[in-house]
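Asker:
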Amino acid sequence: MYSPKTLLLAFAGLTTTATVLAEEVQSSAAYDHVYDIPELSTLDLACSNGAAGLSSTFGFDRISDLPGYPLVGAIEKVEGWGSLSCSRCYRVTNKQGGQTINIIAVDHADTGLVLSLSALDQLTGGQGKLLGRVDVKYEEVGGSECGL
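Those letters in the sequence shown? Residues -22 to -1, 1 to 126, by mature numbering (1 follows the signal peptide of the UniProt record, and there is no 0).
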């Protein structure tokens, strides 16, 4: 029979392994100016409230209240309002240039990611508007990577 301490240590090892083995997704990223508006209310986003909501969980009223703003965007992992994928931190890498940013998921995207233009510019060396959409890979990382 295992002691509670042994089981706890085994469980801790499993959760650490699961975090390290985060799924890397091949996708694309575009931009929408709406996420560049600092006064945008978080209540206007799919990730407004609910179990992982920006307002209900963290108390963020405006999008610019988020740590690391304007590194925010919509992501296909957020199914809609109340999604448990809301408010998660994702590491996004430009497959061509290799630049990497961490963004907070604030909204739903039908496919890929839709970032603030400022975030896409950081991901493309200032070429976000010119390129419009870029191939990326992304994976979920710990909230502390985005200041949460």
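Where is the CB? At the ideal position from N, CA and C, for every residue including glycine.
Nearest CA to the CA of VAL50: which residue from SER61, ASP39, TYR68 and GLY120?
Answerer: Residue mapping note: residue 50 aligns to position 72 of the sequence shown, counting from 1. The shortest C-alpha separation from VAL50 is found at TYR68.
Asker: Tell me which residues share the same chain as VAL56 and place their Cβ nearer than 6 Å to its Cβ, disregarding the 5 neighbours each side in the sequence.
Answerer: By 1-based counting over the sequence shown, the position of residue 56 is 78. Cβ neighbours of VAL56 beyond the five flanking positions: ALA24, SER63, CYS64, ALA83 and HIS86.
Asker: Beta carbon of TYR9, beta carbon of GLY106: below 7 Å?
Answerer: Taking the first residue of the sequence shown as position 1, residue 9 is located at position 31. Taking the first residue of the sequence shown as position 1, residue 106 is located at position 128. Cβ atoms of TYR9 and GLY106: closer than 7 Å.
Asker: Is the CB-CB distance between SER34 and PRO16 below 7 Å?
Answerer: Translated into the one-based positions of the sequence shown, residue 34 becomes position 56. Translated into the one-based positions of the sequence shown, residue 16 becomes position 38. No, the Cβ-Cβ distance between SER34 and PRO16 is not below 7 Å.
Asker: Grab me the residues of GLU123's own chain with a C-beta within less than 8 Å of its C-beta, minus the 5 sequence neighbours each way, in chain order.
Answerer: In the sequence shown, the residue the question calls residue 123 occupies position 145. These residues qualify, in order along the chain: CYS67, ARG69 and ASN80.
Asker: Is the CB-CB distance between LEU101 and GLN77 below 7 Å?
Answerer: As a position in the sequence shown, residue 101 is number 123, starting the count at 1. As a position in the sequence shown, residue 77 is number 99, starting the count at 1. Cβ distance < 7 Å, so LEU101 and GLN77 count as in contact.
Asker: Have a look at PRO45 and PHE36 and give me their C-alpha separation to the nearest angstrom.
Answerer: Your numbering for residue 45 matches position 67 in the sequence shown. Your numbering for residue 36 matches position 58 in the sequence shown. Looking at the two C-alpha atoms, the distance is approximately 11 Å.
Asker: Cβ atoms of ALA7 and LEU91: under 7 Å apart, would you say?
Answerer: What you label residue 91 is simply residue 113 of the sequence shown in a count that begins at 1. What you label residue 7 is simply residue 29 of the sequence shown in a count that begins at 1. Yes, Cβ-Cβ distance for LEU91 and ALA7 is below 7 Å.
Asker: Tell me the rounded alpha-carbon separation between LEU109 and VAL3.
Answerer: By 1-based counting over the sequence shown, the position of residue 109 is 131. By 1-based counting over the sequence shown, the position of residue 3 is 25. If I take the Cα positions, the gap works out to 21 Å.
Asker: Check the C-beta distance from THR89 over to GLU117 and give it rounded, since I have them as a contact under 8 Å.
Answerer: Taking the sequence shown and counting its residues from 1, one reaches residue 89 at position 111. Taking the sequence shown and counting its residues from 1, one reaches residue 117 at position 139. About 17 Å separates the two Cβ atoms, so there is no contact after all.
Asker: Per the DSSP calculation, GLY51 is bridged to which residue(s)?
Answerer: Position 73 of the sequence shown, counted from the start, is the residue given in the question as residue 51. Paired residue(s): ALA83 and LEU93.
Asker: Determine which residues share a DSSP beta bridge with VAL3 and list them.
Answerer: In the sequence shown, counting from the first residue as 1, residue 3 sits at position 25. Paired residue(s): TYR116.
Asker: Whole angstroms are fine: how far does the CA of VAL119 sit from the CA of GLY125?
Answerer: Indexing the sequence shown from 1 puts residue 125 at position 147. Indexing the sequence shown from 1 puts residue 119 at position 141. Their backbone Cα atoms lie some 11 Å apart in a straight line.
Asker: Would you identify the three-state DSSP class for GLY75, choosing helix, strand or coil?
Answerer: Here the question's residue 75 lines up with position 97 in the sequence shown. Coil at GLY75, not helix or strand.
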